[in-house]
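Read the structure below first, then the notes.
Number of protein chains: 4
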Amino acid sequence: MEIHELQEFLSNEFPQSSVRIEALGELGATVRQRIDQSHLRPGGTVSGPVLMTVADVAMYVALLNRIGIVPLAVTTNLTINFLRKPSAQRDIIGVCELIKVGRSQAVGEVALYSEGNDEMVAHVICTYAIPRPDLGSISS
Amino acid sequence: MEIHELQEFLSNEFPQSSVRIEALGELGATVRQRIDQSHLRPGGTVSGPVLMTVADVAMYVALLNRIGIVPLAVTTNLTINFLRKPSAQRDIIGVCELIKVGRSQAVGEVALYSEGNDEMVAHVICTYAIPRPDLGSISS
Amino acid sequence: MEIHELQEFLSNEFPQSSVRIEALGELGATVRQRIDQSHLRPGGTVSGPVLMTVADVAMYVALLNRIGIVPLAVTTNLTINFLRKPSAQRDIIGVCELIKVGRSQAVGEVALYSEGNDEMVAHVICTYAIPRPDLGSISS
Amino acid sequence: MEIHELQEFLSNEFPQSSVRIEALGELGATVRQRIDQSHLRPGGTVSGPVLMTVADVAMYVALLNRIGIVPLAVTTNLTINFLRKPSAQRDIIGVCELIKVGRSQAVGEVALYSEGNDEMVAHVICTYAIPRPDLGSISS
C-alpha cells in the first residue's frame, strides 16, 4: 500500500488526529506527531493521552498496511508504560512492530521517542480484533 | 478537598481537557466527559484516545483528592480493555476506585460507561508514581 | 454447574494445580490455594507465579461456569499488579468477577488476598478467547 | 557477573524453579525452561503459568545482572500476551531485553519461544521496583 492512500484513509477515520505516516513495511510502521502547544502539559512535557493516541494510530496503520483497509478493526487492549519525560520541543515518533497477525487478532508493540533521542519515552503493547466478513461485528 | 478546587487545578494542568469532576470520595472519584463531534470516529463511536484520557484523568483526580495536590504525580502504567462500542449520543462517565495508595505508588481501576447504560464500555488499570519530597523527580 | 463437576474437570485439565473452588456464581467465582513450603520464596512470601496461577484458574473457573465446559478456551492476555507482600502463613484467596462475556472473548478481573486480610495482595485482569465450534481453533 | 553466580543465587531464591540461565549481557538475558510432563496441560501444550514464570525469571536475571544482586527487587506489574500454542516437545526459551533501568524502577520485555521456532509463543512486559538502601522496603 502507498503511504498516501493510508494517510488519506487515516485522515477520514481520525479527523481530529494530525499523526503523519513516515514509513510502512511488512513488519510495521513509523508515524510522527508534530508537537505544538495543544499537546503539552504545564511544565513542558507531552501529555500522556497524546502518547497513547500516537501508539494506537501507529499500530492501526501497521495493521491496515498488512491486512488491507478493514475499517472495523478495533483496539481491544492497550498497555502503556511511561518511561521518561518527553521533550516539549520535539516531535513524537512512534515505531510499531507487529508481533503477530492472526485471523482474528493482531498484537504489536510500539516504541515512542522524542525525535533525535534514542531513549524510549514510552512502550506500548496493542491488541486489535480483526472482524470476519461473515460475522458482521467483532464486538461481542 | 472541594470539587471546585480540584477542578480548577485540573483545568490548569490539562487545559485541553474538558473532563468535569462529578464526585470525590476517600476511595475514588467520578468524572464526566461531555461528548461532542470532536470526540467521535466515523460510524458514530467515541474514539479510543478519548476513553483513555477520561480514565487517566479519573485516576489523577481520585489520587490527588486522597494525597493532596502533588503536581508531579505521573502515570507509569495504563492498561485498557475496550469492551463495548460507546454511544455517540451519550457522555462518558468514568468511575475510579483506588486499589492501593502507597508511599511511592498508587494503583486504581476505572470503569468507563456511556451515561445511562450500566454495561462497561472499557476497563482501565492505572499506576501512578508519587514523587517523594526529598528526591525531586521520580522519573529515573 | 455444581462445584464438584467443575473441580473434577479442573483437576484433569491442570493436574499440577491444587487450587480448590470455593464458590461459583453467575458473575464470578472464588478459589483457594492452600499455601505450603513449595509456594514460598525465601524471606517468607508467596511467589509471584503462584499468584498468577491462582488468578488464571479463578478466571477459567468463572468463565466455564458461565459458558459451560469449553476446554479450548484460552487465556490471551493477563495483566497483574502486585500490591502487597502476601503472608506465608495464609492461603491465597482469588475472587474473580466477570466484566464481559461475549461471543468470542471474555474479560474478568481477579482480586487476590491472603486469607483473613481484606487488603488485596495483587490485582489481575484476564482476557480469554472463546473458540467457535465452526472454526476449530482460535489461536490464529 | 558470571552466569554460575547468578544461577546459584536464583536456585536459592526460587528453589521450585528449574529455569537455567543461558546468556547474560548488559541489555538483557536468555533463559531456558526444560519442559517435562509437569509443565504440560492435556492436549499437549505448555501451561500458561509456566510461561509467566519463565518470563518473570528472565526479567529478574537480566535486572540483577545489571544492577547487582538486590534480593528485594520485586515485580510490580507483569503483562503477558499469549500468541501461539507452545510445543510440548520443546524447551521454552525466554529472551529478556531491558527497556529502562532507572533508580527505582526497571522495565523490560521478554519474548518466549518454543526452541527451534522463531515465532513468539508469548510476549511479556515486566516492571520491577528496585528498593533503595535507605528505605528498607519498597512495598508501600
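Residue numbers (the UniProt record's numbering), protein chains in the order written: chain W, 1 to 140; chain Y, 1 to 140; chain Z, 1 to 140; chain H, 1 to 140. We put the CB at the ideal spot given by N, CA and C, even for glycine. Keep in mind the model is a prediction, meaning the values are calculated, not measured.
Step through the CB atoms of chain Y and report whether any lies within less than 9 Å of the CB of Met120 (chain Z). Yes, its Cβ sits closer than 9 Å to a Cβ of chain Y.
Between Asn81 (chain W) and chain H, is any beta-carbon pair separated by less than 9 Å? Using beta-carbon distances, Asn81 (chain W) counts as an interface residue toward chain H, with a partner under 9 Å.
What is the DSSP secondary structure of Arg41 (chain H), reduced to helix, strand or coil? DSSP places Arg41 (chain H) in the strand class (E or B) of the three-state scheme.
Could you please tell me which residues of the UniProt domain "Thioesterase" (43 to 119) of chain Z, in chain order, have their CB closer than 8 Å to any CB of chain H? Answer set for the UniProt domain "Thioesterase" (43 to 119) of chain Z: Gly43, Ser47, Gly48, Pro49, Met52, Thr53, Asp56, Pro71, Val74, Thr75, Thr76, Asn77, Leu78, Thr79, Ile80, Asn81, Phe82, Arg84 and Lys85.
Helix, strand or coil, according to DSSP, for residue 141 (chain Y) in the structure here? What is shown of chain Y runs 1 to 140, which leaves residue 141 (chain Y) out entirely.
At 8 Å on the CB atoms, spell out the chain H contacts of Glu13 (chain Z), in chain order. In chain order, Arg41 and Pro42 make up the part of chain H whose C-beta sits under 8 Å from the C-beta of Glu13 (chain Z).
Which residues share a DSSP beta bridge with His123 (chain H)? Answer is H:Asn81 and H:Ala111, bridged to His123 (chain H).
Could you tell me the distance, in whole angstroms, from the CA atom of Gly25 (chain W) to the CA atom of Leu51 (chain W)? If you take the alpha carbons of Gly25 (chain W) and Leu51 (chain W), they lie about 22 Å apart.
Could you give the DSSP three-state label for Cys96 (chain Z): helix, strand or coil? Cys96 (chain Z): strand per DSSP, three-state reduction.
Candidates W:Ala88, W:Ile67 and W:Leu72: closest to Thr45 (chain Y) by CA position: Out of W:Ala88, W:Ile67 and W:Leu72, W:Leu72 has the C-alpha closest to the C-alpha of Thr45 (chain Y).
Cross-chain neighbours of Ser38 (chain H) in chain Z, by beta carbon under 7 Å: Gln16, listed in chain order.
7 Å CB neighbourhood of Gly136 (chain H) in its chain, flanking five on each side removed: Below a pLDDT of 50, predicted positions are generally treated as unreliable, and Gly136 (chain H), at 45, falls in that range; no measurement from the model is reported.
Between which residues of its own chain and Asn117 (chain Z) is the CB-CB distance below 8 Å, once the five residues before and five after are set aside? Correct list, in chain order: Ser87 and Arg90.
Measure the alpha-carbon distance for Val70 (chain H) versus Arg41 (chain Y) and round it to whole angstroms. Taking the CA atoms as reference points, Val70 (chain H) sits about 48 Å from Arg41 (chain Y).
When you compare the CB of Thr127 (chain W) with every CB in chain Z, is at least one pair closer than 9 Å? Closer than 9 Å: yes.
Report yes or no: do three or more beta-carbon pairs, one from the stretch 94 to 111 of chain W and one from the stretch 58 to 66 of chain W, lie closer than 8 Å? Yes: the two stretches touch, three or more of their Cβ pairs being nearer than 8 Å.
Under 9 Å between the Cβ atoms of residue 220 (chain W) and Leu112 (chain H)? Chain W is shown only over 1 to 140; residue 220 (chain W) falls outside these bounds and no answer can be derived.
So Asn81 (chain Z) and His123 (chain Z) are supposed to be a Cβ contact under 8 Å. How far apart are they, rounded? Contact flag correct, Cβ pair sits at about 5 Å.
Measuring only the C-alpha atoms, how far is residue 154 (chain Z) from Arg132 (chain H)? The question about residue 154 (chain Z) has no answer, for chain Z in this structure spans 1 to 140.
Of the choices Y:Val95, Y:Ile35 and Y:Cys126, whose alpha-carbon is the least far from that of Ala23 (chain Y)? Comparing C-alpha distances from Ala23 (chain Y) to each of Y:Val95, Y:Ile35 and Y:Cys126 shows the shortest one belongs to Y:Val95.
Could you pull out every residue in the same chain whose Cβ sits closer than 6 Å to the Cβ of Cys126 (chain H), ignoring the five residues on either side in sequence? Excluding residues within five positions, the ones whose Cβ falls inside 6 Å are Met59, Leu78 and Gly108.
DSSP bridge partner residues for Val31 (chain Z) (one or two, in chain order): Looking at the DSSP assignment, Val31 (chain Z) forms a beta bridge with Z:Ile21 and Z:Gly94.
Counterpart residues of Ala129 (chain Y) in DSSP-defined beta bridges: Answer by DSSP bridge pairing, in chain order: Y:Val74 and Y:Gln105.
Excluding five sequence neighbours on each side, which residues of the same chain lie with their C-beta closer than 6 Å to the C-beta of Phe9 (chain Z)? Excluding its 5 nearest sequence neighbours in each direction, Phe9 (chain Z) has C-beta neighbours in its own chain below 6 Å: Ile69, listed in chain order.
I need the straight-line Cα distance from Arg32 (chain Y) to Ser38 (chain W), nearest angstrom please. Cα to Cα, the separation comes out at about 21 Å.
Taking the alpha carbon of Ser47 (chain Z) as the reference point, which residue from H:Gly48, H:Gly43, H:Thr53 and H:Val19 has its own alpha carbon closest? If we check each option's Cα against that of Ser47 (chain Z), H:Thr53 comes out closest.
For His123 (chain W), decide whether its Cβ has a neighbour in chain H, counting only Cβ atoms nearer than 9 Å. Yes, His123 (chain W) counts as interfacial toward chain H.
If you compare alpha carbons, which of H:Ala29, H:Glu115 and H:Arg34 is closest to Ile3 (chain H)? Closest in alpha carbon position to Ile3 (chain H), among H:Ala29, H:Glu115 and H:Arg34, is H:Ala29.
Between the alpha carbons of Leu6 (chain H) and Glu97 (chain H), how many angstroms are there, rounded? About 17 Å.
Based on the DSSP output, what are the partners of Asn46 (chain H) in its beta bridges? Strictly speaking, residue 46 (chain H) in this sequence is Val, with Asn absent from that position. When beta bridges are read from the DSSP output, Val46 (chain H) appears opposite H:Leu40.
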